[in-house]
Amino acid sequence: AQKVTQAQTEISVVEKEDVTLDCVYETRDTTYYLFWYKQPPSGELVFLIRRNSFDEQNEISGRYSWNFQKSTSSFNFTITASQVVDSAVYFCALVRGSTLGRLYFGRGTQLTVWP
Amino acid sequence: GAGVSQSPRYKVAKRGQDVALRCDPISGHVSLFWYQQALGQGPEFLTYFQNEAQLDKSGLPSDRFFAERPEGSVSTLKIQRTQQEDSAVYLCASSLVRASGNNPYEQYFGPGTRLTVT
């Protein structure tokens, strides 16, 4: 079975703190893709990043960075110098190579950044 | 440019009523997905269309759920004889090309329809 686990239900930080959101996945597919989406209060899911299972290079985009480790089946997301606008629910998701591209989502982590 | 739009944004139905939820994908997008998001949960896949063809409906929870995309653009998700457990946000997403697990493109999501069954 394929599964995405986000163990942190809620995280609260104060502005300018760094915060890491954890994601652990499970799949038997050798080809798969991992995603992070942001869901602000408006409700629309916003795409943040896609990584494939053959590329373990970490990625940085501005204040965002992602750490992919196949050895621990983890794809963690770090926000550096958090801002109030980062407050949202963040979802980690998996696409199995053997499927038609459906996303398997974790339960999400509610991040609240206080001023 | 216009994103994915969904209507209505909110729907209240009495138990037993039929409802129809509409999704307007981004123009030209081949792939269309429906997801169901219960309160406090991540979205769960319902069904997938490539143009007008429904290629995967394995996530539909019962035969009360039916989806169509007759002309390969607008899609409608219909729920017959609604039950309280159908209360959720229904999300629609579209993607530019045909879906593939070997190279999945970004899915663009709409704002969702919040369905409350009383």
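Protein sequence lines, in the order shown, are assigned to chains A and B. Per the working numbering: the first sequence = residues 1435 to 1549. Per the working numbering: the second sequence = residues 2 to 119. C-beta: ideal position from N, C-alpha, C; glycine also.
By alpha-carbon distance to Ser1521(A), the top candidate from Ala1515(A), Gln1544(A) and Phe1502(A) is Gln1544(A).
Not a single CB atom of chain B sits nearer than 8 Å to the CB of Ser1521(A). C-alpha of Gln84(B) to C-alpha of Ala39(B): approximately 14 Å in a straight line. For Ser59(B), there is no enclosing beta strand (DSSP E), as DSSP marks it with neither H nor E. In the three-state reduction of the DSSP assignment, Asp87(B) falls in the helix class, which pools H, G and I. Residues are counted here when their Cβ sits less than 9 Å from a Cβ of chain A; for the region 62 to 74 of chain B the count is zero. Between Leu1479(A) and Phe110(B) the beta-carbon gap is near 4 Å, inside 8 Å, which marks them as a contact.
With a threshold of 16 other beta carbon atoms within 10 Å, Pro62(B) falls short and is exposed.
Within chain B, not a single residue places a beta-carbon under 9 Å from that of Glu1460(A); the smallest gap is close to 15 Å. In this model, Leu56(B) and Ser32(B) are separated by some 10 Å (Cα to Cα). When DSSP states are grouped into helix, strand and coil, Thr1465(A) belongs to the coil group. Counting only the Cα atoms, Gln1517(A) lies some 24 Å from Phe1502(A).
Under the three-state reduction of DSSP output, Ser1487(A) falls in the coil class, being neither helix nor strand. Cβ-Cβ distances below 7 Å link Ser1507(A) to Val1458, Tyr1459 and Glu1460 in the same chain, with the five nearest sequence neighbours on each side left out; the list follows chain order. Spatial neighbours of Ala14(B) in its own chain (CB-CB distance under 6 Å, excluding positions within 5 residues in sequence) are listed in chain order as Val20, Thr83 and Val118.
Cβ atoms of Ala1527(A) and Tyr1466(A) stay farther apart than 8 Å, at about 11 Å. Listed as beta-bridge partners of Gln7(B) by DSSP are Cys24(B).
Put simply, the region 43 to 54 of chain B touches the region 1527 to 1536 of chain A. At least three CB pairs are less than 8 Å apart. Gly73(B) sits away from Gln7(B), with the two beta carbons spaced by 8 Å or more.
The continuous beta strand (DSSP E) containing Lys1437(A) extends over residues Lys1437 to Thr1439.
Using beta-carbon distances, Val90(B) counts as an interface residue toward chain A, with a partner under 8 Å.
Annotation: the continuous beta strand (DSSP E) that includes Arg1530(A) extends over Ala1522 to Arg1530. Taking 8 Å as the threshold, the shortest C-beta distance from Phe1511(A) to chain B does not fall below it. Taking the Cα positions, Gly60(B) is about 15 Å away from Lys1437(A).
When Cβ-Cβ separations below 8 Å define contact, Tyr1467(A) makes contact with chain B.
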